[in-house]
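Each remark here refers to the structure printed beneath this line.
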Amino acid sequence: MIWKSVVGKLWATILLLVACVLFILTILLMQFFRNYILDEMTGQLMSTASKIAVMLKHNEDMRTGLDVAWELISEETKVVVVTDDNRVYYSPNQRGEKLSPSYFRNDPDFSEVFSEGETVQKRIRLPEEGDAGRDGEEVLVIGKPLNEGNGKKGAVFVYQSLAVMKETSRATTRLIFLAAVIAFIMTTVFAFFLSTRITSPLRKMRVAAFEVARGKFDTKVPKLTNDEIGELATAFNQMRKKLKINMHALNQEKEQLAGILKSMADGVITFSKDGTILLTNPPAESFLQLWYYEQGGDDLQQLPPALVDLFAKAVETEQEQVGEVSFQGRYWTVIVSPLYTEGNIRGAVAVLRDMTREKKLDKLRNDFVANVSHELRTPIAMLQGYSEALIDDVVTTEEERKEFIKVINEESERMGRLVNELLDLARMQSDQFQLKIEQVPIKPFCNRVIKKFAGLAREKNISLESRIESGDESFPFDPDRMEQVLTNLIDNALRHTPEGGRVEIRQGIRDDKLWLEVSDNGSGIPEEDLPFVFERFYKADKARTRGRSGTGLGLAIVKNIVDAHRGTIEVKSKIGQGTTFTVMIPRK
Numbered sequence: 001m002i003w004k005s006v007v008g009k010l011w012a013t014i015l016l017l018v019a020c021v022l023f024i025l026t027i028l029l030m031q032f033f034r035n036y037i038l039d040e041m042t043g044q045l046m047s048t049a050s051k052i053a054v055m056l057k058h059n060e061d062m063r064t065g066l067d068v069a070w071e072l073i074s075e076e077t078k079v080v081v082v083t084d085d086n087r088v089y090y091s092p093n094q095r096g097e098k099l100s101p102s103y104f105r106n107d108p109d110f111s112e113v114f115s116e117g118e119t120v121q122k123r124i125r126l127p128e129e130g131d132a133g134r135d136g137e138e139v140l141v142i143g144k145p146l147n148e149g150n151g152k153k154g155a156v157f158v159y160q161s162l163a164v165m166k167e168t169s170r171a172t173t174r175l176i177f178l179a180a181v182i183a184f185i186m187t188t189v190f191a192f193f194l195s196t197r198i199t200s201p202l203r204k205m206r207v208a209a210f211e212v213a214r215g216k217f218d219t220k221v222p223k224l225t226n227d228e229i230g231e232l233a234t235a236f237n238q239m240r241k242k243l244k245i246n247m248h249a250l251n252q253e254k255e256q257l258a259g260i261l262k263s264m265a266d267g268v269i270t271f272s273k274d275g276t277i278l279l280t281n282p283p284a285e286s287f288l289q290l291w292y293y294e295q296g297g298d299d300l301q302q303l304p305p306a307l308v309d310l311f312a313k314a315v316e317t318e319q320e321q322v323g324e325v326s327f328q329g330r331y332w333t334v335i336v337s338p339l340y341t342e343g344n345i346r347g348a349v350a351v352l353r354d355m356t357r358e359k360k361l362d363k364l365r366n367d368f369v370a371n372v373s374h375e376l377r378t379p380i381a382m383l384q385g386y387s388e389a390l391i392d393d394v395v396t397t398e399e400e401r402k403e404f405i406k407v408i409n410e411e412s413e414r415m416g417r418l419v420n421e422l423l424d425l426a427r428m429q430s431d432q433f434q435l436k437i438e439q440v441p442i443k444p445f446c447n448r449v450i451k452k453f454a455g456l457a458r459e460k461n462i463s464l465e466s467r468i469e470s471g472d473e474s475f476p477f478d479p480d481r482m483e484q485v486l487t488n489l490i491d492n493a494l495r496h497t498p499e500g501g502r503v504e505i506r507q508g509i510r511d512d513k514l515w516l517e518v519s520d521n522g523s524g525i526p527e528e529d530l531p532f533v534f535e536r537f538y539k540a541d542k543a544r545t546r547g548r549s550g551t552g553l554g555l556a557i558v559k560n561i562v563d564a565h566r567g568t569i570e571v572k573s574k575i576g577q578g579t580t581f582t583v584m585i586p587r588k
């Protein structure tokens, strides 16, 4: 049915409103004579003003011209003549309601009579105070310029009260008022009809739309009618449901993507087509921060030249580009791939993989192979040389034969120590290394380790002293591993201390930490070698003299054992004055 549609409702409403407007206009047209009376009054006043202006123009004497002019006006018509020299002349029928010339000159409309020479028509009310006659009386004023003839300039103002016209229009006013009331009532009824039947659902949909815009997707619009507005409400509710489902799916996908990017070990940087960074994840942000630090600034638009070149090539060739970037002692492999939207390149994505650890492992592997080869080459060469000498019967005496056999035995033991220490170090640096922590009495433990070196110290005429401060206290640590630490430190001290020297072992507990110190007054370690003494295969004795120099793994093993106990080890040394190693192991 058409009456149930919005079009039908609006059509019927418009017809009713137009009918009401036509009815009111018909009544108002009956009041046309009111305007006719006003036009007649205006014409008479305009004619009177023109006649007075002509008379004053053709009479040389102002007074004579005014006397003639006063004969032309009626009792209801009043005249004010204002000249340029501010002289003012009033008609004799005025009884106190005289308007001052300043009033006309200050009025923005009447001032045009003086300045522009134009005729002005205006309805005013007489002033309520001063020399005015009846207070608040409304009058029609005609202003005519007086600027021709005999050098006379100024203006003529003719005015008459509108009381007569008002008297004749009072009856029509009542009709107009009645028509206005009727129109107002009818308009109110129809407006109420429109607001309740049409705009009310629209307002509810407007409120619901704002709620949905704020993210409240559960807001529902009630279906109040079966017309187009009702169908619109149904469509809005369906749209709201689909929008809620899509927003939920988008949020899940966004959170999933953000989680994947954050959890990635590789850095990801997304660029627009002009090279602007759109998206980064934490590893990529670390990469950029290192680069900004390298450049000494924080310009977010500045990128490593290698990365910029790869991006430009990827966009230009529309193919994946692979390269490397290195700075601050770190290395990255960069893969830049173009991004497409409907077949057109919209940017690129760069994946940065930190290869620093792999580079270091490669270097360590190469160094390890070189160091092991170096360490094994000497004893193998000596074993080969002495054994060949024995096989070729180069040795002529029994003493020489025993000497050669002794050298072979020593070098084989040296190779065995090297292999065992390499195995120990490998286990310590793997996940299979575990400490066996137990409460160990400190004093017996230290005395037992020191006694192992008493004979060697006497042979080398070295004073081996100890100072144990902990008494009968116990401390939690792995006794076998800590014995290995003390053994390596004391053995190093004895090997690098000349005859008549002194090696001292001190122990105590300070700040709930086990404190061990091994010091000697031997040759000392050069200052440039101190930072590297705990590196594998590093030897301060560059000559690597057989018999005195070790494998270079002892201090590396010590460092790993101390680190496993969450402790610290420090070294202090001066050339010719000796060396001191200090170990600190926390209780927890």
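Taking UniProt numbering as reference, the numbering of the sequence shown is continuous, increasing by one, and the terminal residue is 588. The C-beta atom is built at its ideal place from N, Cα and C for all residues, glycine as well. Quick caveat: nothing in here was measured; it's all calculated off a predicted structure.
Within the stretch 88-123, the complete alpha helix (DSSP H) segments at least 4 residues long are 101-106, 111-115, listed from N- to C-terminus.
In terms of Cβ geometry, alanine 314 and serine 337 form a close pair [threshold 8 Å]. When secondary structure is reduced to three states using DSSP, serine 286 falls in the helix class. Threonine 119 and proline 145 have their alpha carbons spaced roughly 7 Å apart.
Taking one beta carbon from each stretch, the stretch 345-352 and the stretch 380-394 have fewer than 3 pairs nearer than 8 Å; the two do not touch. Listed in chain order, the non-local C-beta contacts of phenylalanine 193 below 8 Å within the same chain comprise Thr13, local neighbours out to five positions each way being set aside. Residue pairing of aspartate 354 in beta bridges, as defined by DSSP: Trp332.
Assignment of lysine 223 by DSSP, reduced to helix, strand and coil, places it in the coil class. The C-alpha of methionine 355 is placed about 44 Å away from the C-alpha of glycine 508. With 16 or more neighbouring CB atoms inside 10 Å of its own CB, valine 485 falls in the buried class. Within the stretch 453-536, the complete alpha helix (DSSP H) segments of 4 residues or longer fall at 454-459, 479-495, listed in chain order. Under DSSP, no beta-bridge partner is assigned to valine 562. Taking all protein chains shown into account, tyrosine 36 has fewer than 16 neighbouring C-beta atoms within 10 Å of its C-beta and is therefore exposed. Distance between glutamate 76 and aspartate 107, taken at the CA atoms: about 24 Å. Annotated three-state conformation of threonine 270 is strand, per DSSP.
Assignment of leucine 17 by DSSP, reduced to helix, strand and coil, places it in the helix class. Assignment of asparagine 251 by DSSP, reduced to helix, strand and coil, places it in the helix class.
Distance from the CA of valine 334 to the CA of arginine 353, rounded to the nearest whole angstrom, comes to 7 Å. The C-alpha of serine 102 is placed about 10 Å away from the C-alpha of serine 111. The way I'd put it, the stretch 487-497 does touch the stretch 448-467; three or more beta-carbon pairs between them come closer than 8 Å. The secondary-structure analysis by DSSP pairs proline 338 across a beta bridge with Ala348. The Cβ atoms of glutamine 160 and leucine 45 sit closer than 8 Å to each other. By the beta-carbon neighbour count (other beta carbons within 10 angstroms, threshold 16), arginine 240 is buried.
The beta carbons of isoleucine 569 and threonine 582 sit closer together than 8 Å.
Ranking Tyr292, Tyr293, Ile269 by CA distance to the CA of proline 283 puts Ile269 first. For methionine 41 against leucine 140, the beta-carbon gap comes to about 6 Å, under 8 Å, which counts as contact.
When DSSP states are grouped into helix, strand and coil, methionine 264 belongs to the coil group. Restricting attention to Val156, Val113, Gln94, the CA atom closest to the CA of leucine 126 is found in Gln94. Between the alpha carbons of valine 322 and valine 533 lies a distance of about 40 Å. For leucine 140, DSSP records a beta bridge to Arg123, Gln160. For the pair alanine 350 and leucine 290, the CB atoms are not nearer than the 8 Å cut-off. Where glutamate 570 is concerned, the enclosing beta strand (DSSP E) starts and stops at 568-574. The beta carbon of valine 164 sits closer than 8 Å to those of Glu76, all from its chain and outside the five residues before and after it, given in chain order. A check of alpha carbon separations from threonine 497 across Ser523, Met55, Leu553, Thr280 identifies Ser523 as the nearest.
By DSSP's assignment, glutamine 319 forms no beta bridge with any residue. With a threshold of 16 other beta carbon atoms within 10 Å, glutamate 411 meets it and is buried.
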